[in-house]
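Notes follow once the structure below has been shown.
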Amino acid sequence: MNSAPQEAVFYILAATIVVFSVMTVTTRRILRSATYLLFVLFATAGIYFQLNYSFLGAVQLMIYAGGIIILYVFSILLTSTDKDKATRLKNSKVMAGLLTALAGAVLCVFITLTHNFGPSHYIGDEVPMKVIGTALMGTEKYQYLLPFEAISVLILACIIGGIIIARKR
Amino acid sequence: MEIHMEYYLVISTIMFFAGIYGFITRRNLLAILISIELILNSVDMNFVVFNRYLFPEQMEGLFFSLFAIGISACETAVAIAIIINIYRNIRNIQAKNLNQLKD
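Chains A and B supply the protein sequences, listed in that same order. In short: position in the first sequence from 1, add 6, done, that's my numbering. In short: position in the second sequence from 1, add 1184, done, that's my numbering.
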């Protein structure tokens, strides 16, 4: 874990996340904003791969980068008008938002760095796919069949709701 | 020099508050939704990092992020359906024009 290439990869991913998440919220054009969000999600998937959670990284790539960003891009193209980017905020609003975000970030980073989390150590073994599958499909303690089924019902409800809301009348 | 857990937490804090800033200052409904996406993503990253560094023999953080990703996908799909419907009604998705919906 602590070899030099690993650290280099981590710092590249960290810089990508920080730079592009700030650019996502500061750029004026919304399509660029969605593209920068895509870069942030890619870098987050890279962090999951680096922490040896390959399954979670693959899920992140498929659902976020493959599904959600496509939805965003299509809906931006469907709803974009020319005067969208002309609206400019008052300076006081921007300053209030900036102040809130900076104060919160400084407070949270301060608490994170001074808090004692107890013994933290990196044990870098990959979780085997078979273990994930049994935990997802079992009904005993520390197994997750009930939330799995609840998610499937939720997705069904979302499909029906999306069709009903967005259909033409 | 090794990679401490706090480095990941600082990155996800920056991502979280970038999302907060966007949520407060943007006026386009889709831009607000993108900011919410940043916030959810940073929380997922925190769960995974806590799982890997503090409780490496368990899998709760992994499964919690897995389910959170699924739920945020649902939420995005429904929100985008609502936004497209709003656009059909008032030809515009700025948050300040939403009061025209009642006419």
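Glycine included, C-beta positions come from ideal geometry on N, C-alpha and C.
As the crow flies, the alpha-carbon of B/Asn1212 is around 43 Å from that of A/Ile129. Separation of A/Ile170 and A/Val31 (C-alpha to C-alpha, rounded to the nearest whole angstrom) is 31 Å. Sequence-distant Cβ neighbours of B/Ser1196 in its own chain, meaning closer than 7 Å and more than five residues away, are Ser1226, Met1229, Asn1230. Ranked by Cα distance from A/Pro125, the options B/Ser1249, B/Phe1234, B/Ile1268, B/Gly1206 are led by B/Phe1234. For A/Val133, same chain residues with a beta-carbon under 8 Å away, outside a window of 5 residues either side, are Asn58, Tyr59, Phe61 in chain order. Ranking A/Ile74, A/Leu43, A/Val79, A/Ser81 by CA distance to the CA of B/Ser1256 puts A/Ile74 first. Legend: CB atoms of the segment 1259-1287 of chain B lying less than 9 Å from CB atoms of chain A belong to residues Glu1259, Thr1260, Ala1261, Val1262, Ile1264, Ala1265, Ile1266, Ile1267, Ile1268, Asn1269, Ile1270, Tyr1271, Arg1272, Arg1275, Asn1276, Ile1277, Gln1278, Lys1280. If you draw a straight line from the Cα of A/Gly110 to the Cα of A/Gly52, it comes to about 26 Å. What B/Asn1230 touches in chain A, judged by beta-carbon distance under 8 Å, is nothing: the nearest beta carbon there is about 10 Å away. Only residues of its own chain outside the window of five on either side were considered, and among them Ser39, Tyr42 have a CB closer than 8 Å to the CB of A/Thr33, listed in chain order.
For B/Val1227, the closest Cβ of chain A is not nearer than 8 Å. The beta carbon of A/Lys99 falls within 8 Å of a beta carbon belonging to chain B, placing the residue at that interface. Beta-bridge partners of B/Gln1278 (DSSP): B/Asn1212.
Here A/Gly144 has Leu151 as same chain residues with Cβ atoms under 7 Å from its own Cβ, once five neighbours each way along the sequence are excluded.
Membership of B/Lys1286 in any alpha helix (DSSP H) is not indicated, and neither H nor E is assigned to it by DSSP.
If you check each beta-carbon in the segment 145-159 of chain A against every beta-carbon of chain B, the ones closer than 7 Å belong to Tyr150, Pro153, Ile157. DSSP places A/Thr145 outside any alpha helix (DSSP H), giving it a letter other than H or E.
In terms of beta-carbon proximity, B/Ala1252 stays away from the interface with chain A, with every pair separated by 8 Å or more. In the structure shown, A/Asp131 falls within a coil segment according to DSSP collapsed to helix, strand and coil. At a cut-off of 8 Å, the C-beta of B/Ile1216 has no neighbouring C-beta in chain A.
For B/Leu1238, no alpha helix (DSSP H) run applies, since DSSP gives it neither H nor E. The beta-carbon of A/Phe48 is placed no less than 8 Å from the nearest beta-carbon of chain B. Among the CB atoms of chain B, none fall inside 8 Å of the CB of A/Ser60. Residues of chain A whose Cβ lies closer than 7 Å to the Cβ of B/Ile1223 do not exist; the shortest such Cβ separation is about 10 Å. Of all residues in the segment 14-42 of chain A, only Phe16, Ala20, Ile23, Val24, Ser27, Val28, Thr30, Val31, Ile36, Ser39, Ala40 come within less than 7 Å of chain B when Cβ atoms are compared, listed by chain position.
Chain-ordered listing is empty here: chain A has no CB closer than 9 Å to the CB of B/Ile1220, the nearest sitting near 11 Å.
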